[in-house]
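Q:
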Amino acid sequence: IHDKAKSLTCTYVPAPSSEHVANRLLRIGSFDKLIPRKMGARLELLLSTVAQDNHIHQMNVSEFCYIPEKGNVGCGFIPRRMIDLLMGVPSPQVCALQVRIVIPSMGIFKGVLFEKQDID
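For the sequence shown, my numbering assigns the number 692 to the initial residue and increments by one for each residue that follows.
1. If you draw a straight line from the C-alpha of P707 to the C-alpha of L716, how long is it?
2. Considering just the uninterrupted stretch of the alpha helix (DSSP H) at I774, what are its terminal residues?
3. With burial defined as no fewer than 16 other Cβ atoms inside 10 Å of the residue's Cβ, what is the status of I810: buried or exposed?
4. Give the DSSP-derived three-state secondary structure of G762 in the structure shown.
5. According to DSSP, which residues form a beta bridge with L804?
6. Just checking my contact of V803 with Q789 at CB under 8 Å: how many whole Å lie between their CB atoms?
7. Just mark I769 as buried or exposed, buried being the case when its beta carbon has 16 or more other beta carbons within 10 Å.
8. Please tell me whether A787 and F805 are closer than 8 Å, where the distance is taken between their beta carbons.
9. For I747, does the three-state DSSP call read helix, strand or coil?
10. Kindly give me the distance between the Cβ atoms of G709 and G798, rounded to whole angstroms, as I take these residues to be in contact under 8 Å.
11. Give the range of the alpha helix (DSSP H) segment to which P727 is assigned.
12. So, using beta-carbon positions, are I758 and G765 closer together than 8 Å?
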């Protein structure tokens, strides 16, 4: 919560059962593939604050591929053309983006995408 906030709005959505809630969560992220402590962390990402000058983009899932963890904890890669597309203008000074990505078939991710040559 931004420290200048004067109030907080919470929304309650009643559910007929815990199974109903579990099924709704499965539709927004593959929670069934996570260990319990990671589930809470992924849910917290849905509540991340966003500065007003940040952007939310919708992209095709085919633009993403999963990289197995091999010491790259929380880091991925992005081509230059995608950085410029997301920034809205050519931005040669930007070499990395902090992201929150929600792909129901893959999961919910956070981290930093670093520019990498020779990827599409």
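For glycine and all other residues, C-beta sits at the position ideal for the given N, C-alpha and C.
A: The relevant details are as follows:
1. Within the sequence shown, numbered from 1, the residue matching residue 707 stands at position 16. Within the sequence shown, numbered from 1, the residue matching residue 716 stands at position 25. C-alpha separation (whole angstroms): 14 Å.
2. Taking the first residue of the sequence shown as 1, we reach residue 774 at position 83. From DSSP, the alpha helix (DSSP H) with I774 extends over R771 to M778.
3. Residue numbering aside, residue 810 sits at position 119 when the sequence shown is read from its first letter. Its Cβ having fewer than 16 others within 10 Å, I810 is exposed.
4. Here residue 762 is taken as the residue at index 71 of the sequence shown, counted from 1. In the structure shown, G762 sits in coil (DSSP, three-state: anything other than H, G, I, E or B).
5. In the sequence shown, the residue the question calls residue 804 occupies position 113. BP columns for L804 point to G767 and L788.
6. For this step, residue 803 is matched to residue 112 along the sequence shown. For this step, residue 789 is matched to residue 98 along the sequence shown. Contact holds; Cβ gap of about 5 Å.
7. Within the sequence shown, residue 769 is the residue found at index 78, counting from 1. Its Cβ being crowded by 16 or more others within 10 Å, I769 is buried.
8. Indexing the sequence shown from 1 puts residue 787 at position 96. Indexing the sequence shown from 1 puts residue 805 at position 114. Going by C-beta atoms, A787 is nearer than 8 Å to F805.
9. For the purposes of this step, residue 747 is identified with residue 56 of the sequence shown, where counting begins at 1. In this structure, I747 counts as coil in the three-state DSSP scheme.
10. The residue you call residue 709 lines up with position 18 of the sequence shown. The residue you call residue 798 lines up with position 107 of the sequence shown. Going by the sequence as given, residue 709 is Ser instead of Gly. Their Cβ separation, rounded to whole angstroms, is 21 Å, which puts S709 and G798 out of contact at 8 Å.
11. Counted from its first residue, the sequence shown places residue 727 at position 36. Unbroken alpha helix (DSSP H) run through P727: P727 to L736.
12. Sequence index remark: in the sequence shown, residue 758 carries index 67 (1-based). Sequence index remark: in the sequence shown, residue 765 carries index 74 (1-based). No, they are not a contact pair.
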